[in-house]
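Residue 312 in this note's numbering sits at position 266 of the sequence shown, with consecutive numbering throughout.
Glycine residues also receive a C-beta, built at the ideal position from the N, C-alpha and C atoms.
To keep things clear, I will list the structure first and then write my remarks on it.
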Amino acid sequence: MQSKPRLLVTRRFPGAVMERIGRDYQARHNPGDRGLTAEELGELGRGCDALLCAPGDALDARGIAALPASVRALATFSVGYDHIDVEAARTRGLAVFNTPDVLTDATAEIALLLMLGASRRAWEGQRMLRAGDWTGWTPTQLLGRGLSSKRLGILGMGRIGQAVARRARGFGVEIHYCNRNRLPAEREAGATYHAAPESLLGVSQIFSLHCPATPETQRFLDRERIALLPPDPIVINTARGAVVDDAALIEALRSGRVAAAGLDVFEDEPDVNPDYLSLPNAYLLPHLGSATVEARNAMGLLALDNLDAFFAGREPPARVV
47 MQSKPRLLVT RRFPGAVMER IGRDYQARHN PGDRGLTAEE LGELGRGCDA LLCAPGDALD
107 ARGIAALPAS VRALATFSVG YDHIDVEAAR TRGLAVFNTP DVLTDATAEI ALLLMLGASR
167 RAWEGQRMLR AGDWTGWTPT QLLGRGLSSK RLGILGMGRI GQAVARRARG FGVEIHYCNR
227 NRLPAEREAG ATYHAAPESL LGVSQIFSLH CPATPETQRF LDRERIALLP PDPIVINTAR
287 GAVVDDAALI EALRSGRVAA AGLDVFEDEP DVNPDYLSLP NAYLLPHLGS ATVEARNAMG
347 LLALDNLDAF FAGREPPARV V
């Protein structure tokens, strides 16, 4: 009887995922629920055939080099894989898998939550209530901005960007987008295409980032591009923290150049620039984009589907390398 593959599990995953791991793999578990350093990956990975990993694990070039020779595959519990040095993995001969599609709806929902929360000053209202500072309704208290009839600019019209557009239309929002390639008319669904990001920024009363973190998008939203936005814009980021220049956005929030921001991701998370925490017009969440029972179970099961196929000699459903 063929032995089960040996798997290093770097986090505590949802119950259905852990149950399947226990059934189908010889598993070694990270004793803590945090990202592993390169040294820990090397030590815990001894004798393992693959890793079930997640953002926060140190899988840069140094981490890849530290992996034991027995490791043949990395399955990340995420659609993004900027925490993995893909070229180092390719050079090493490692297969890399991710989990696209299954978190699309959950992440789109969070983007809408951030739009509503930032536009309608929800955090300021909660803080007022919890501090006992609410003295009653007044006509001018915490006036926000409605979504209806606003122009929403989506940078990156992939699966999640399109899901955000579908939901935002229900609020009467006018959709504009910039993407590497223009969508077919049936998927565009009346949205206005902009070939250049600068053109999109110029019309975006709400600007929502849905692009991957790459060298080209590193700190994309900087001081110069913020200056292109219309007056009093709302900025939303559910992509990756690295696509925003924190210093520039914080300056714009303080000055009022940007009315509010809704952020679910941060460049050095879990460390968040403390200046964000002091801003009443920064509506912040701790990377909850895919945090539903349904999405997280589906992500874990897809990651295992990838590994199952790899070890069976079949083509995995979501291969990066």
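Query, Result
"Inspect the beta-carbon positions of residue 247 and residue 275 and report whether they are closer than 9 angstroms.", "yes"
"What span of residues does the alpha helix (DSSP H) with residue 194 cover, start to end?", "It is not in any alpha helix (DSSP H) - residue 194 carries neither H nor E in the DSSP assignment."
"For the stretch 127 to 137 against the stretch 341 to 360, do three or more pairs of beta-carbon atoms, one drawn from each stretch, fall closer than 8 angstroms, so that the two count as touching?", "no"
"Who pairs with residue 55 in a beta bridge, going by DSSP?", "75, 98"
"What residue ranges within the stretch 254 to 300 form continuous beta strand (DSSP E) runs of no fewer than 3 residues, ordered along the chain?", "280 to 283"
"To the nearest whole angstrom, what separates the beta carbons of residue 74 and residue 102, a pair I think is in contact under 8 angstroms?", "18 angstroms between Cβ atoms; not a contact."
"Could you check whether the stretch 152 to 163 touches the stretch 208 to 217, counting it as contact only if at least three pairs of C-beta atoms, one from each stretch, sit closer than 8 angstroms?", "yes"
"List, from N- to C-terminal side, the beta strand (DSSP E) runs of 3 residues or more that fit wholly inside the stretch 110 to 134.", "119 to 122"
"Count the other CB atoms, across all protein chains shown, that sit within 10 Å of the CB of residue 93; report buried if there are 16 or more and exposed otherwise.", "exposed"
"Decide if the stretch 307 to 326 is in contact with the stretch 343 to 353; the criterion is three or more beta carbon pairs, one per stretch, under 8 angstroms apart.", "no"
"Is the distance from the Cβ of residue 368 to the Cβ of residue 265 below 9 angstroms?", "What is shown of the chain runs 47 to 367, which leaves residue 368 out entirely."
"Helix, strand or coil: how does DSSP classify residue 342 here?", "helix"
"Name the two residues that bound the continuous beta strand (DSSP E) containing residue 308.", "306 to 309"
"As a quick exercise: from 307, 227, 337, pick the residue whose alpha carbon is nearest that of residue 168.", "307"
"Helix, strand or coil: how does DSSP classify residue 61 here?", "helix"
"So, is residue 86 buried or exposed, given that buried needs 16 or more other C-beta atoms within 10 angstroms?", "buried"
"On the CB-based measure, 16 or more other CB atoms within 10 Å of its CB, does residue 273 come out buried or exposed?", "exposed"
"Once DSSP output is grouped into helix, strand and coil, what is the label at residue 142?", "strand"
"From what residue to what residue does the alpha helix (DSSP H) around residue 152 run?", "150 to 165"
"Report the three-state DSSP secondary structure of residue 220 (helix, strand or coil).", "strand"
"Any idea which residues DSSP pairs residue 199 with across the strands?", "222, 253"
"Determine the direct distance from the alpha carbon of residue 117 to that of residue 313, and round the result to whole angstroms.", "29 angstroms"
"Are residue 56 and residue 341 closer than 9 angstroms when you measure CB to CB?", "no"
"Any contact of the stretch 172 to 182 with the stretch 209 to 229, i.e. 3+ C-beta pairs under 8 angstroms?", "no"
"Per DSSP, residue 84 forms a beta bridge with which residues?", "DSSP lists no partner for residue 84."
"Mark residue 339 as exposed unless 16 or more other C-beta atoms lie within 10 angstroms of its C-beta, in which case mark it buried.", "exposed"
"So the alpha helix (DSSP H) residue 175 belongs to, where does it begin and stop?", "168 to 176"
"What would DSSP say about residue 347, mapped onto helix, strand or coil?", "helix"
"Going by beta carbon distance, what residues of the same chain come within less than 7 angstroms of residue 100, once the five residues before and after it are set aside?", "56, 57, 122, 123, 124"
"If we ignore side chains and look at the alpha-carbon of each, how far apart do residue 244 and residue 354 end up?", "44 angstroms"
"In whole angstroms, what separates the C-alpha of residue 140 from that of residue 61?", "28 angstroms"
"Distance, Cα to Cα, residue 332 vs residue 173?", "17 angstroms"
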